[in-house]
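There are 2 protein chains.
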Amino acid sequence: MEVAGLLRHGVEQQLREAADLSYVQFQLLARLGLDAPAGSLRMTDLADGLVHSRSGLTYQAGLLEQAGLVTRAPSPDDERSIMVTITAAGRRRLGDVLPGHVDVLREMFLAPLGDEGVHALASLLAPVRDHMRASPPRSATRRRRTAPPEG
Amino acid sequence: MEVAGLLRHGVEQQLREAADLSYVQFQLLARLGLDAPAGSLRMTDLADGLVHSRSGLTYQAGLLEQAGLVTRAPSPDDERSIMVTITAAGRRRLGDVLPGHVDVLREMFLAPLGDEGVHALASLLAPVRDHMRASPPRSATRRRRTAPPEG
DNA sequence: TATTGTTATACTCTATAACTATA
DNA sequence: TATAGTTATAGAGTATAACAATA
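Chains as they are written, first to last, in the numbering used here: chain A, -11 to 139; chain B, -11 to 139.
Structure below.
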């Protein structure tokens, strides 16, 4: 947890200073610009795994739209859905931060880990990630030992 | 990062629901109650590694004090320092959450990892943690590739 | 002058609930 | 009735800068 916390802090600083992006904003942008085939995704698909509430995504996507880095338009397929699309400016911004972002990752995390360590870590954590994705996130909620102090 | 994020989210939920503690508050309490010999530490030592700003610690310690879980008193040795001490109520609260906390850790993280995995992970990450602690946290700041958009 | 800690302030982010609209 | 998304709102947490006091 300490490693992840320090890494995240370092990453957030670089993203903020180099491109004025929050961590979530960067991830949304990266998902659109690097993973999404046509540079667009439905809000829900975009949110997947990045945010814990719908409104949180609306908020962050709104900021990206205000900054001109994405556009939002109703989907032709399903009129309930909104397609979020990365703009040219968004791709530019993403390209601008990416090298520095990778630098931070490498210097803080990948270098001390070494190539072998990186692979070992990935093998170790992949099943954990799958387990976490699969299990109901509320399991922790139901299984408390002590009664809440409210009653 | 995803594993750490999900784990932290699960942990935070349990801490909040079982004992009305934030993650940081729990860590402060744990450091005082489990690590500190006499249950007390100077503010600065208490903060070490848990918080990224002094005021952040003052805020969290203030909440703990309000809740009667710690006390704050000037240090006899150095009158600039404040000794934070866990109270009986604080130890009780800590004892109340701890079992559930460990449950969450085990179910989300330790179990899917397995005993061997836990050890392997610890060996892998220990040097990374040391590297991160040692290297100036601002390295990311100075090493930016793109000029900040301000000027 | 450097260190310890607090305060004032402003801001970012998150989450819940109520709501609209489409399927 | 369920799904997609927004909005209103409220609260928690964080950080910066200015500050007071001690070393």
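Cβ atoms here follow ideal geometry from the backbone N, Cα and C, with glycine treated the same way.
These figures come from a predicted structure and were not determined experimentally.
Check: Cutoff 8 Å: Asp97(B) Cβ touching any chain A Cβ; Outcome: Position check: residue 97(B) holds Phe in this sequence, whereas Asp was assumed. Answer yes: the Cβ-Cβ gap between Phe97(B) and chain A drops below 8 Å somewhere.
Check: Supposed close pair Gly105(A), Glu(-10)(B) - CB separation, criterion 8 Å; Outcome: At roughly 18 Å, the Cβ-Cβ gap does not stay under 8 Å, so Gly105(A) and Glu(-10)(B) are not in contact.
Check: Chain B within 8 Å of Glu(-10)(A), Cβ atoms only; Outcome: yes
Check: Under 7 Å from the C-beta of Gly105(A): neighbouring residues of chain B; Outcome: Leu112
Check: At least three beta-carbon pairs within less than 8 Å, the stretch 105 to 124 of chain B to the stretch 91 to 106 of chain A; Outcome: yes
Check: Three-state secondary structure (DSSP) of Glu(-10)(A); Outcome: helix
Check: Span of the alpha helix (DSSP H), counted from its first residue to its last, around Pro62(A); Outcome: First-last for Pro62(A): 58 to 62, but that is the beta strand (DSSP E), not the alpha helix (DSSP H).
Check: Buried/exposed call for Gly21(B), threshold 16 Cβ in 10 Å; Outcome: buried
Check: Sequence ranges, beta strand (DSSP E) only - wholly within the stretch 2 to 89 of chain A, length at least 3; Outcome: 28 to 30, 58 to 62, 70 to 74
Check: Separation of Arg60(A) from Val72(A), as counted between CA atoms; Outcome: 5 Å
Check: Cross-chain neighbours of Val116(A) in chain B, by beta carbon under 7 Å; Outcome: Val(-9), Phe97, Pro100, Leu101
Check: Best match in Gln54(A), Asp8(A), Leu45(A), Arg81(A) for proximity to Ala35(A) [C-alpha to C-alpha]; Outcome: Leu45(A)
Check: Proximal chain A residues relative to Arg(-4)(B), where beta-carbon distance stays under 9 Å; Outcome: Met(-11), Ala(-8), Gly(-7)
Check: Span separating the alpha-carbon of Ala142(A) from that of Arg30(A); Outcome: Past the edges of chain A, shown from -11 to 139, lies residue 142(A), and the structure says nothing about it.
Check: Member of Met96(A), Arg42(A), Ala110(A), Val58(A) whose CA lies at the smallest distance from the CA of Met120(B); Outcome: Met96(A)
Check: Simplified DSSP assignment, three categories, for Asp91(A); Outcome: helix
Check: Top-ranked residue by Cα proximity to Arg80(A), from Leu112(A), Gly56(A), Ala26(A), Pro25(A); Outcome: Gly56(A)
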